[in-house]
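Just so you know, we're using my numbering here: the sequence shown kicks off at 381 and counts up by one.
Structure first, then comments.
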Amino acid sequence: MKNSNKNRDIFKGLFGDLMEFADRISSVLGCPVTIEDNNHRLLAYSMHEDTTDKARISTIIGKRVPEKVINSLWKEGIIPALLKEDKPIKVQAITEVGLGSRAAVSIRKQNEVLGFIWALQVDRPFSDEDLEFLQQAAREAKNQLQQHHLKKKQLEAGNQEFLWRLLTGHFKDEEEVQEHLSHFPLQSPYVLSVIVFEFPEEITRDIERNISYMLLTTQKTKVYYYTIDQNKLILLAGSEKKENFISSLYEFVPYFIMEMENRFAVKDIMGAAGNVYQLLSHSMHSYQEALYTLKMKHAFPKDTADMILYEQLGIFRTLDYLVSGKHSQQEHSSLALLKEYDAKNATGLLETLLIYLEKDCHPNEAAKSLHVHANTLNYRLKRITEVAHINLRDPLQKMSLFLHLKTEQYKEFLMKP
Numbered sequence: 381m382k383n384s385n386k387n388r389d390i391f392k393g394l395f396g397d398l399m400e401f402a403d404r405i406s407s408v409l410g411c412p413v414t415i416e417d418n419n420h421r422l423l424a425y426s427m428h429e430d431t432t433d434k435a436r437i438s439t440i441i442g443k444r445v446p447e448k449v450i451n452s453l454w455k456e457g458i459i460p461a462l463l464k465e466d467k468p469i470k471v472q473a474i475t476e477v478g479l480g481s482r483a484a485v486s487i488r489k490q491n492e493v494l495g496f497i498w499a500l501q502v503d504r505p506f507s508d509e510d511l512e513f514l515q516q517a518a519r520e521a522k523n524q525l526q527q528h529h530l531k532k533k534q535l536e537a538g539n540q541e542f543l544w545r546l547l548t549g550h551f552k553d554e555e556e557v558q559e560h561l562s563h564f565p566l567q568s569p570y571v572l573s574v575i576v577f578e579f580p581e582e583i584t585r586d587i588e589r590n591i592s593y594m595l596l597t598t599q600k601t602k603v604y605y606y607t608i609d610q611n612k613l614i615l616l617a618g619s620e621k622k623e624n625f626i627s628s629l630y631e632f633v634p635y636f637i638m639e640m641e642n643r644f645a646v647k648d649i650m651g652a653a654g655n656v657y658q659l660l661s662h663s664m665h666s667y668q669e670a671l672y673t674l675k676m677k678h679a680f681p682k683d684t685a686d687m688i689l690y691e692q693l694g695i696f697r698t699l700d701y702l703v704s705g706k707h708s709q710q711e712h713s714s715l716a717l718l719k720e721y722d723a724k725n726a727t728g729l730l731e732t733l734l735i736y737l738e739k740d741c742h743p744n745e746a747a748k749s750l751h752v753h754a755n756t757l758n759y760r761l762k763r764i765t766e767v768a769h770i771n772l773r774d775p776l777q778k779m780s781l782f783l784h785l786k787t788e789q790y791k792e793f794l795m796k797p
C-alpha cells in the first residue's frame, strides 16, 4: 500500500460523492474498487484502472451483482462471513462465475449492514496494512451511506402504503391508479401477480432484513412492491412483457422458500400466487386468490403440495361456494350408504373410494397408497359399487363423488379452531 501517513486525510471533503470515495480507496490500494448496498446493488465504482474481471464488468453494466455470483459467494461462505464480521476478508477466485481474487469488507452502522466494499486483487496479495485501510474506509463509508439508506427507507414506506391501497381496493378504477402513479416515482408492470408467503411465526425485523435481501438480489422475477402483515409476506411481482412471466412465478416461489431455509434457517414457509392480470386495479383479485390458494394448501396439504398458482386449484376453487351454498347440507346418498356400511361392518370403503378417486382411478397407485394387494382393492371396489349403487366407469358420477368427498373434508377443516 502507498505511504500510510497520507491516508489519514484521504476521505476529507467528499460531501457524499460515492464515486469519488471509490476512486480515493482505489488510489491508495492501487486496484479497482466497487461499493454496493446491502442488497448487492451497485452504488459506485472506481473509474481509472485497466484491470478488471467478468464479475465486475457484469456488475457495472447491470448495476447489480449477477445472481450466479451472489449464489457462489453464499456457497463459499463469503457473504455469511461478511454479514457476521466487521473485519475485511480475503476472497479466493471463483473462476466458474468470472470472479477474481479480491478483498471485501462490510459497511456497518452498529449491527446493521449498510453495504460492502470490494477491492479486486491486481499485482500482489493484499497486505495486513491494506486490509487495515479497507476497514478504515468502511468506517468512513458508513457516513456516506446513511443518507442513501434513509432515502431508501422513505421510498419503501411510500411503496408499502401504495401496495396496501391496491390490495384493499382503495382505488375505484385503473385511471385513478395511474393518476396516483403520475405523482410519485413508482413503477407499473405490464403484467402482475400477487404472491403471498406464509411464515410459521410472525416476521421479525431480522427476518425482514433477510427477506429484503432475497427479494432485491433474486433475478428470477421482478418484485415491484412488498409488505409484511404479521406472519405473511405479500409481494406484487410483475414483468414488462407477458412472455415467460408465469414460468418465472413457478420458478421463484419454491426458490425463495428453499433459499430462506438454506441461507437463513427459516423453515416451513408456504407460498402461493394469484392469477396474472394486466391492470394494477386488479391486484386485489390476485391477492385474494393467493390467500385462497394458501387456505386450500392448509386444508388439503397432500392434494395441493405441488400447487403454486390459483389457476392450478381446479375444482378446489369452487369449495367455498359449495360450502356456503343452499345445497351444502345435503348428503350424497351413495356416500351415506357407504358410511352406514362402514359403521356396521368396521370396513373402510369410503376411504378406499376417496383414495381411488384421488389417484385418478389408477388401481396400482391406489392399492399402494392403501397398503393393500391389488386383488384386495378390486374386491373393495366391487363392494362399493354394490353397496352404494355406483358406476365407477361413469366420469360424471366419479366427478360428483370426488367433489362431495372434498367438500366434506373442507367442512371438517373449517370447523377446526
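Using N, Cα and C, we set each Cβ at its ideal position, and we do this for glycine too.
Since this is a predicted model, take the numbers as computed values, not measurements.
Report the residue ranges of all beta strand (DSSP E) runs contained in full by the region 564-595; include only those spanning at least 3 residues, in chain order. 571-578
What residue from Leu729, Thr673, Asn491 has the CA that sits closest to Asn418's CA? Looking up residue 418 in the sequence shown gives position 38. The candidate whose alpha carbon is nearest that of Asn418 is Asn491.
Using DSSP with H/G/I as helix, E/B as strand and the rest coil, what is Arg436? Position 56 of the sequence shown holds residue 436. Helix.
Tell me which residue opens and which closes the beta strand (DSSP E) that Tyr604 is part of. By 1-based counting over the sequence shown, the position of residue 604 is 224. Taken as a continuous stretch (DSSP letters only), the beta strand (DSSP E) holding Tyr604 covers 602-609.
Identify which residue in Thr439, Pro580, Ala424 has its Cα closest to the Cα of His804. Not covered by the structure: residue 804. The range shown for the chain is 381 to 797.
Lys612 versus Ser704 - alpha carbon distance: For the purposes of this step, residue 612 is taken as the residue at position 232 of the sequence shown. For the purposes of this step, residue 704 is taken as the residue at position 324 of the sequence shown. Whole-angstrom Cα-Cα distance: 26 Å.
Compute the Euclidean distance between the alpha carbons of Lys392 and Glu520, then round it to the nearest angstrom. Start at 1 with the first residue of the sequence shown, and residue 392 comes out as number 12. Start at 1 with the first residue of the sequence shown, and residue 520 comes out as number 140. So the alpha carbons of these two residues sit roughly 10 Å apart.
Can you check DSSP and say which residues form a bridge with Ser619? On the sequence shown, position 239 is the one that residue 619 refers to. According to DSSP, Ser619 bridges with Val571.
Measure from the alpha carbon of His678 to the alpha carbon of each residue in Gln599, Leu561, Phe793, then state which is nearest. Translated into positions along the sequence shown, residue 678 becomes position 298. Per the Cα distances, Phe793.
What is the DSSP secondary structure of Lys489, counted as helix, strand or coil? On the sequence shown, residue 489 is found 109 positions in, with the first residue counted as 1. DSSP places Lys489 in strand when its eight states are reduced to three.
Considering just the uninterrupted stretch of the beta strand (DSSP E) at Tyr759, what are its terminal residues? As a working mapping, residue 759 is identified with position 379 in the sequence shown. It is not in any beta strand (DSSP E) - Tyr759 instead sits in the alpha helix (DSSP H) that spans 754-768.
Could you give the C-beta distance for Leu479 and Ile469, rounded to a whole number, given that I count them as a contact under 8 Å? Sequence index remark: in the sequence shown, residue 479 carries index 99 (1-based). Sequence index remark: in the sequence shown, residue 469 carries index 89 (1-based). Not quite, the Cβ-Cβ distance comes to about 14 Å (not below 8 Å), so this is no contact.
Residue range of the beta strand (DSSP E) that includes Thr673: Counted from its first residue, the sequence shown places residue 673 at position 293. Unbroken run through Thr673 is the alpha helix (DSSP H), 663-679; no beta strand (DSSP E).
Just the Cα atoms here: how many angstroms apart are Lys600 and Leu547? Within the sequence shown, the letter at position 220 stands for residue 600. Within the sequence shown, the letter at position 167 stands for residue 547. In a straight line, the C-alpha of Lys600 is about 23 Å away from that of Leu547.
Under 9 Å between the Cβ atoms of Leu717 and His769? Your numbering for residue 717 matches position 337 in the sequence shown. Your numbering for residue 769 matches position 389 in the sequence shown. Cβ distance < 9 Å, so Leu717 and His769 count as in contact.
Three-state secondary structure (DSSP) at Met650? Counting from 1 along the sequence shown, the entry for residue 650 is found at position 270. Strand at Met650.
Go ahead and label His753 buried or exposed: buried means 16 or more other beta carbons lie within 10 angstroms of its beta carbon, across all protein chains shown. As a position in the sequence shown, residue 753 is number 373, starting the count at 1. That one is exposed.
With 16 other CB atoms within 10 Å as the buried threshold, where does Asn385 fall? To locate residue 385, count along the sequence shown from 1; it is residue 5. Because the pLDDT of Asn385 is 49, which lies under 50, any placement of that residue in the model is unreliable, and the question is left without a value.
What is the C-beta distance between Lys522 and Ile487, in whole angstroms, given that I count them as a contact (C-beta under 8 Å)? As a working mapping, residue 522 is identified with position 142 in the sequence shown. As a working mapping, residue 487 is identified with position 107 in the sequence shown. Yes, Lys522 and Ile487 are in contact; Cβ-Cβ is about 6 Å, under 8 Å.
Figure out for me which residue from Gln524, Asp403, Thr597 has the closest Cα to the Cα of Ser452. For the purposes of this step, residue 452 is identified with residue 72 of the sequence shown, where counting begins at 1. Of Gln524, Asp403, Thr597, the residue nearest in Cα terms is Thr597.
Where do the ends of the beta strand (DSSP E) carrying Glu711 lie? Taking the sequence shown and counting its residues from 1, the one referred to as residue 711 is at position 331. First-last for Glu711: undefined, no H or E at that position.
Taking one C-beta from the region 650-663 and one from the region 571-587 each time, how about it: are there three or more such pairs within less than 8 Å? yes
Ile458: first and last residue of the uninterrupted alpha helix (DSSP H) it sits in: Residue mapping note: residue 458 aligns to position 78 of the sequence shown, counting from 1. Note, Ile458: alpha helix (DSSP H), 458-464.
Compute the Euclidean distance between the alpha carbons of Ala517 and Ser619, then round it to the nearest angstrom. By 1-based counting over the sequence shown, the position of residue 517 is 137. By 1-based counting over the sequence shown, the position of residue 619 is 239. The alpha-carbon atoms of Ala517 and Ser619 are separated by roughly 38 Å.
Alpha helix (DSSP H) segments (min. 4 residues) lying fully within the region 496-568: 508-547, 554-561
If the criterion is Cβ atoms closer than 9 Å, does the pair Lys656 and Val557 meet it? Numbered from its first residue, the sequence shown carries residue 656 at position 276. Numbered from its first residue, the sequence shown carries residue 557 at position 177. A quick correction: the sequence has Val, not Lys, at residue 656. Their beta carbons are not under 9 Å apart, which means Val656 does not touch Val557 by this criterion.
8 Å Cβ shell around Leu409 - same chain, five flanking residues per side excluded: By one-based count along the sequence shown, residue 409 stands at place 29. Excluding residues within five positions, the ones whose Cβ falls inside 8 Å are Met381, Ala499, Phe506, Asp510, Phe513, Leu514.
According to DSSP, residues forming a beta bridge with Ile474: Looking up residue 474 in the sequence shown gives position 94. DSSP output for Ile474 lists Leu479 as bridge partner(s).
For Asp774 and Asn755, the rounded distance between their alpha carbons: Taking the sequence shown and counting its residues from 1, the one referred to as residue 755 is at position 375. Taking the sequence shown and counting its residues from 1, the one referred to as residue 774 is at position 394. Each residue's alpha carbon lies about 22 Å from the other.
N- and C-terminal bounds of the alpha helix (DSSP H) containing Asp403: Your numbering for residue 403 matches position 23 in the sequence shown. Segment 398-409, the alpha helix (DSSP H) holding Asp403.
Assuming Ser714 and Leu781 are in contact, meaning their beta carbons sit under 8 Å apart, how far apart are those beta carbons, in whole angstroms? Taking the first residue of the sequence shown as 1, we reach residue 714 at position 334. Taking the first residue of the sequence shown as 1, we reach residue 781 at position 401. Contact holds; Cβ gap of about 7 Å.
Straight-line CA distance for Lys448 to Ile583? One-based indexing of the sequence shown puts residue 448 at position 68. One-based indexing of the sequence shown puts residue 583 at position 203. Whole-angstrom Cα-Cα distance: 27 Å.
Do Ile764 and Ala746 have their C-beta atoms within less than 9 Å of each other? Here residue 764 corresponds to residue number 384 of the sequence shown, with the count starting at 1. Here residue 746 corresponds to residue number 366 of the sequence shown, with the count starting at 1. No.
With DSSP as the reference, please indicate the residues paired to Tyr657 in a beta bridge. Position 277 of the sequence shown holds residue 657. DSSP lists Leu572 as partners of Tyr657.
Cβ neighbours of Val633 in the same chain (closer than 6 Å, five flanking residues each side left out): Here residue 633 refers to the residue found at position 253 when the sequence shown is read from its first residue. Contacts found: Gly651, Ile688.
What residue range does the beta strand (DSSP E) around Asp700 cover? Translated into the one-based positions of the sequence shown, residue 700 becomes position 320. Looking at the DSSP string, Asp700 is not in any beta strand (DSSP E); the run it does join, the alpha helix (DSSP H), is 699-704.
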